[in-house]
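There are 2 protein chains.
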Amino acid sequence: MVSRKLFHELIDPHSVVKILNKFVDLRPSGVEEVSISEAFGRVLAEDVRARYDSPPFDRSEVDGYAVVSESVAGADEDSPATLKVVGKVGVGEEPLVEVGLGEAVEVDTGAVIPRGADAVVMAEYTKELSNGRLLVFKSITSGENIARAGSDIARGEVVLRKGTIIGAAEIASLAAAGISKVRVYRKVRAGIISIGNELRPPGNSLRIGEVFDVNAYSISASLRELGCDVATYGIIPDNEDKIKEVVKKALKENDIVITSGGTSAGIKDLTYRVLNELGRPGVIIHGVKLKPGKPTVVAVINNKVVIGLPGFPLSAMMSFKVVAIPIISRLMGVNPSLLKAFKVRARLARRLTGVKGRNVLVPVALNVRPGSNELLAYPVRFRSGSIHVLTYADGFIEVREDTGIIEAGTFVNVELFRGNWVPPSIVCIGSHDYLMETILYEYVGSNELIKYVPAGSMGGLTAVSSGEADVGGTHILDEETNEYNIPIIKKLGMSGKVRLVRGWIREIGLVIPKGNPKGIKGLEDLLRDDVLFINRNKGSGTRVLIDMKLKEIAKRRGIPFNRIKRVIKGYWNEVRTHTAVAAAVSQGRADVGVAIKWAAKLYGLDFIKIGDEIYDIAINRESLSKDCIKRLVEFLGSNELKKVVKRFEGYRLLKNSGEFIL
Amino acid sequence: MVSRKLFHELIDPHSVVKILNKFVDLRPSGVEEVSISEAFGRVLAEDVRARYDSPPFDRSEVDGYAVVSESVAGADEDSPATLKVVGKVGVGEEPLVEVGLGEAVEVDTGAVIPRGADAVVMAEYTKELSNGRLLVFKSITSGENIARAGSDIARGEVVLRKGTIIGAAEIASLAAAGISKVRVYRKVRAGIISIGNELRPPGNSLRIGEVFDVNAYSISASLRELGCDVATYGIIPDNEDKIKEVVKKALKENDIVITSGGTSAGIKDLTYRVLNELGRPGVIIHGVKLKPGKPTVVAVINNKVVIGLPGFPLSAMMSFKVVAIPIISRLMGVNPSLLKAFKVRARLARRLTGVKGRNVLVPVALNVRPGSNELLAYPVRFRSGSIHVLTYADGFIEVREDTGIIEAGTFVNVELFRGNWVPPSIVCIGSHDYLMETILYEYVGSNELIKYVPAGSMGGLTAVSSGEADVGGTHILDEETNEYNIPIIKKLGMSGKVRLVRGWIREIGLVIPKGNPKGIKGLEDLLRDDVLFINRNKGSGTRVLIDMKLKEIAKRRGIPFNRIKRVIKGYWNEVRTHTAVAAAVSQGRADVGVAIKWAAKLYGLDFIKIGDEIYDIAINRESLSKDCIKRLVEFLGSNELKKVVKRFEGYRLLKNSGEFIL
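Going down the list, the protein sequences come from chains A and B. First residue of the first sequence: 1, per the working numbering; consecutive thereafter. First residue of the second sequence: 1, per the working numbering; consecutive thereafter.
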């Protein structure tokens with residue numbers, strides 16, 4: 001170990017480039033000339049000056065008559081000026097006439113102004129007579145309706161500056177200035193290597209312990225989005241020699257190499273050791289103050305950078321955004337802030353607490369509140385290995401290491417995951433339901449943007465009452481009153497925020513393989529040694545029901561509920577939807593689960609009814625003013641709902657379905 | 001003419017799709033399967049369900065020891081639990097051991113949880129002893145640090161919905177769910193045709209009356225940005241038969257055809273007539289309530305759409321955004337709002353007035369004000385043929401036809417021209433100056449985003465006092481006091497908003513070709529018949545000086561100033577920078593202009609000094625708190641400035657250079 005390297009000292013991710021600058025020259029590898037049709041997304045390597053004026057000549061901005069302004073001085077509706085029409089100039093034509101006092105020349109929009117004229121009268125203020133005379137009903141000032149040559153872009157003027165990312169508007173300016181080719185920086189070539197014995201490419205099957213390689217695909221896509229050329233080197237097992245060989249090859253063929261995996265202490269810091277042996281100066285940064293993303297390694301080998309990202313996909317993506325993009329921006333020749341995803345300012349919906357010594361990246365979901373029309377950012381809770389959060393969340397907040405608590409209501413900068421975040425017409429978070437999904441996607445919002453997130457009844461109520469969601473389905477039974485949904489909303493003090501529309505009944509029961517090979521008869525069979533159960537997630541209405549029924553069994557048998565939970569095989573195996581339960585049973589991963597009848601039917605499974613449950617629709621009070629929610633409420637109270645319900649076996653309506661019951 | 005068509009009735013651009021739906025089925029032309037590495041930017045043609053759980057097994061989220069939570073109940077720093085280490089599971093390995101009460105198995109982050117264990121203790125809360133025993137200093141709850149199989153994404157769950165645009169985050173989800181191929185909509189093939197005798201491809205030279213074809217390039221780039229395949233059919237002259245032939249061919253080869261030009265009354269509605277004759281039902285929409293963009297034609301021919309955009313590039317771009325994108329979105333299979341550029345909410349900086357019967361698209365420049373940290377939108381004044389505005393403005397506001405006045409301070413939605421608008425570190429709007437440009441780009445903000453807009457001294461003062469710009473150079477002489485800059489700021493009542501730093505002296509004079517072929521001696525020569533002048537734009541300090549000197553000449557000669565203006569050939573030819581003046585003279589487009597000595601030197605021209613002028617730097621008071629502005633003020637007062645000034649001939653400092661003089 002050499003002393004100048006910063007081992008085991010976590011580095012502020014925002015100083016990585018500054019530190020690297022001492023070891024390597026971060027700049028584009030070269031310049032090439034491309035035609036403007038191929039320049040989209042490229043980075044200008046020089047200031048571009050206009051070759052021609054724009055417009056290239058004094059140009060009429062309207063259809064009308066070019067005149068000497070003095071000729072129509074004082075003209076108005078009552079006393080028009082009479083001029084002699086001496087010619088016409090069409091678009092693209094060279095004027096063959098001159099305009100004198102008392103004369104007019106017809107010009108089209110875009111035509112050259114003939115010599116002598118200093119203004120153009122719009123056609124609508126004139127009347128051409130049959131004798132070649134023209135009445136003008138309006139006086140004009142010198143220069144009116146004429147765009148002077150070079151007034152928009154003057155020849156020699158800087159049109160675009162070095163470092164500009166060329167978009168459609170920039171291409172328009174280049175073309176208008178007569179430029180057909182530009183010098184741009186060579187594209188950055190990036191090599192991608194996935195490291196790990198456990199990795200398998202998607203599309204294959206998995207053995208126990210294996211996971212799909214995600215980073216090769218997501219990091220490649222992110223790099224291509226930036227405009228880099230990407231070469232992938234596949235999945236390399238945890239073998240030092242093989243990793244060395246591939247990194248060496250990738251370094252030769254690329255401007256930068258990005259690996260993922262092999263950076264955590266658990267696998268003995270494989271990437272760190274390999275990168276430190278491959279060449280001078282080796283590893284410069286070994287761990288950053290970032291959460292998720294801490295085990296990030298940055299090395300410089302033979303004047304090229306190698307970035308070792310963590311293996312977990314979300315960590316890899318976050319580290320890519322915060323650590324890799326600023327490095328790559330230098331190689332691309334652009335200001336790093338131009339490569340950052342768009343930032344929006346939003347009000348934080350829930351308080352956040354900073355973590356000492358770490359910059360924490362907190363994924364957030366966005367929603368616009370109809371009352372205040374404000375953009376709110378809802379922190380998303382997630383596990384470090386989560387992928388789902390990447391599609392569910394809209395962006396992230398960075399909570400810097402010196403931050404204590406950020407109170408709800410504070411304005412925060414949200415860096416978006418996608419460039420085009422648009423407020424959804426409906427955000428629906430809650431218990432998963434087929435009928436609800438069908439109503440939303442087929443009937444209420446077939447042309448709308450819908451965000452539908454299954455998160456259980458409790459997750460739904462929390463989201464709806466906070467405004468993160470406009471609407472959410474819930475089916476939580478109150479054990480005391482034996483009533484659905486209303487008691488829990490009251491108990492949680494949510495009545496002021498939430499209204500409730502009566503929904504429908506769903507038959508719920510045990511879902512078992514066709515033919516019931518294990519002869520399951522009821523919930524008591526879960527206690528059997530040879531039966532593997534698949535449970536639902538905490539917070540779901542179904543889980544509440546399952547636990548209630550199991551408590552009854554526990555009581556009957558005189559054993560503690562906690563012991564029952566341990567006895568049931570698979571009790572801790574939680575999935576989030578009815579579909580997932582049915583899928584697990586149909587694929588043999590479990591022998592039995594609890595789900596609604598319709599899920600059993602979809603997967604061709606047998607079903608043993610254990611009860612009816614009521615699924616109601618909670619709506620945020622402010623959201624009631626949204627068009628889509630109005631349409632939803634209307635649909636829930638309509639006759640059409642009755643027709644739709646018939647498509648779903650095990651569903652039926654109540655007398656007060658569609659009515660506000662809270 | 002057939003009655004069902006909507007001739008000469010301007011259509012609300014936002015109802016175009018609804019009207020078209022009666023004539024044509026706007027939907028994707030087909031579906032194809034692509035691998036997820038090629039799926040970036042494509043549109044999903046089906047709901048995608050997970051093939052595997054994610055995680056695919058119960059997985060440790062930390063480096064530590066898998067245990068039965070009961071084994072460590074009550075453990076703390078003072079009374080650790082002692083367990084027996086019975087094995088280890090690395091990442092990717094199948095566990096070969098089970099964990100019983102009192103036992104522990106070492107696990108890496110990402111490893112499979114061995115049977116029996118229901119929680120993982122983090123390594124940092126443990127100490128492994130040499131005898132194979134483990135001390136655990138913390139109790140944990142069941143399930144802690146374990147991600148259950150399927151808890152993130154469950155097999156069978158909808159991962160992504162039909163109509164989703166696939167980005168890096170979506171690719172990550174697909175890979176994690178084990179999916180290697182997805183069904184996406186076929187790319188939309190669009191044919192681009194430019195119509196007009198006056199058009200020439202960039203890179204060529206122009207004859208009088210000709211302009212460069214801009215739309216083929218900018219519309220192609222916009223289409224490619226959306227993910228379309230583009231075929232360009234070149235420039236077609238204003239000839240009905242030729243246009244028909246090419247449109248026919250393009251219709252055969254593409255899903256949609258977009259032409260530009262030939263839609264205005266001036267050229268007799270060429271596009272309209274051609275499209276109406278090519279097939280049934282022909283032109284459906286003939287003019288939209290849009291400004292700019294009114295002469296937009298939409299036709300349906302043989303079940304395909306042809307859009308005729310106006311010829312002026314800005315109009316074409318605006319019509320493309322408002323009229324074409326919603327149509328193309330249907331062909332792509334995505335919700336149109338997803339294709340719109342990002343919208344930001346900003347406060348309108350100046351009042352705007354709506355136009356009756358037109359949706360007006362007003363380009364705006366954005367700036368964040370340091371005082372309030374608010375985003376302000378500054379409406380940009382422009383001529384209809386402008387291109388420059390596309391690179392200068394950041395986006396546009398749509399003022400709907402039923403809008404009267406929108407007061408300054410109102411919140412408005414700004415649709416961005418680019419996806420990645422970032423607040424510039426410095427916005428400098430004002431009189432163009434080489435030294436100022438050099439200071440900004442080379443010394444103050446070499447790593448910063450700078451927006452530098454030459455707009456003349458008056459334009460600069462207005463922008464700086466309103467906050468549109470942070471800083472701007474000005475050199476306006478007050479005729480009464482013979483003093484520079486301070487009097488005008490006071491007269492305009494801007495002192496409360498603006499501070500002024502003393503800048504430098506620039507020698508100003510007549511710029512003439514090397515050797516002075518026309519024997520020009522002074523400004524009086526502008527009155528000569530054989531001398532062609534190039535003037536500066538109104539509002540520039542140089543223009544004020546020119547007019548002042550010309551007024552003196554007028555007085556001496558006893559002729560009215562207005563008459564002098566008419567006598568001088570080229571007086572109305574205005575350009576916006578010193579460079580543009582020098583360029584015009586060096587290229588023979590003018591015989592003489594007024595510019596600073598440095599511009600003459602840059603272009604190898606002769607120079608006849610007519611005076612000295614003082615160029616000062618106006619700074620918005622609120623902007624003084626910005627880091628970059630602080631650095632600018634510091635630099636202006638530094639010794640380094642003295643060194644830099646020496647690089648510019650004709651520049652010199654004053655005693656109080658760098659001091660605040662207001």
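Glycine residues also receive a C-beta, built at the ideal position from the N, C-alpha and C atoms.
- The beta carbon of V544 (chain A) is closer than 8 Å to those of S457, I476 and L477 in its chain, skipping five residues each way along the sequence.
- Proximity of F648 (chain A) to chain B, defined by a Cβ-Cβ separation below 9 Å, is not satisfied.
- Contact of Y441 (chain B) with chain A is assigned, a C-beta pair being separated by under 9 Å.
- With its beta carbon less than 9 Å from one in chain B, H388 (chain A) belongs to the interface.
- Contact between the segment 410 to 430 of chain B and the segment 367 to 387 of chain B is present, with at least three C-beta pairs closer than 8 Å.
- The distance from the Cβ of V364 (chain B) to that of I397 (chain B) is about 6 Å, consistent with a contact at the 8 Å cut-off.
- Under the three-state reduction of DSSP, N562 (chain A) is assigned to helix.
- The DSSP-derived three-state label of N215 (chain A) is helix.
- Interface residue (Cβ-Cβ distance to chain B less than 9 Å): F607 (chain A) is not classified as such.
- At a cut-off of 9 Å, the C-beta of A231 (chain B) has no neighbouring C-beta in chain A.
- Sorting B:S623, B:D616 and B:Y651 by C-alpha distance to the C-alpha of F660 (chain B) places B:D616 at the top.
- Residue contact check for E448 (chain B) against chain A: a CB pair falls below 9 Å.
- Here DSSP, grouped into helix, strand and coil, assigns T462 (chain A) to helix.
- With respect to the C-alpha of L83 (chain A), the residue from A:D76, A:G92 and A:L101 having the closest C-alpha is A:L101.
- Excluding five sequence positions before and after E210 (chain A), the CB atoms of its chain that fall closer than 7 Å to its own CB belong to E198 and R200, given in chain order.
- For the 9 Å CB-CB criterion, N359 (chain B) and L290 (chain B) form a contact.
- Against L435 (chain A), chain B offers no close residue; the least beta-carbon distance is about 15 Å (beta-carbon pairs closer than 7 Å).
- Ranked by Cα distance from N516 (chain B), the first of B:G493, B:P487, B:I243 and B:F607 is B:F607.
- Within the same chain, Cβ atoms closer than 7 Å to the Cβ of M494 (chain B) are found at L461 and S465, the five residues on either side in sequence being excluded.
- The DSSP-derived three-state label of Y443 (chain B) is helix.
- Residue burial annotation: A73 (chain A) is exposed, with fewer than 16 other C-beta atoms found within 10 angstroms of its C-beta.
- Linking L278 (chain B) to K252 (chain B) through their CA atoms gives a straight-line distance of about 12 Å.
- Neighbours of I153 (chain B) in chain A, taken as residues at a C-beta separation under 8 Å, are given in chain order as I387 and H388.
- Comparing C-alpha distances from V274 (chain B) to each of B:I236, B:P292, B:G496 and B:V288 shows the shortest one belongs to B:I236.
- S625 (chain B) has a beta carbon lying at 9 Å or more from every beta carbon in chain A.
- DSSP places G611 (chain A) inside the beta strand (DSSP E), whose first and last residues are D606 to N620.
- Taken in chain order, the whole alpha helix (DSSP H) runs of length 4 or more contained in the segment 167 to 214 of chain B are 168 to 176.
- Shown here for M318 (chain B): same chain residues with a beta carbon closer than 8 Å to its own, the five before and five after excluded, namely L290, P292, G293, L361 and F396 in chain order.
- When Cβ-Cβ separations below 9 Å define contact, D213 (chain A) makes contact with chain B.
- By the Cβ criterion, the segment 127 to 137 of chain B is not in contact with the segment 552 to 560 of chain A, since fewer than three pairs of Cβ atoms, one from each stretch, lie closer than 8 Å.
- Closest in C-alpha terms to I596 (chain A), from the list A:G430, A:S586, A:Q587 and A:D612, comes A:D612.
- Separation of I301 (chain A) and I307 (chain A) (C-alpha to C-alpha, rounded to the nearest whole angstrom) is 11 Å.
- For E170 (chain B), the residues of chain A that pass the 7 Å Cβ criterion are T391, in the order they occur in the chain.
- Looking at A:L624, A:E437 and A:A455, the one whose alpha-carbon comes closest to that of S431 (chain A) is A:A455.
- Counting only residues of its own chain and dropping the five nearest sequence neighbours on each side, E479 (chain A) has a CB closer than 7 Å to the CB of M548.
- D58 (chain A) belongs to the set of residues whose beta carbon lies under 9 Å from a beta carbon in chain B.
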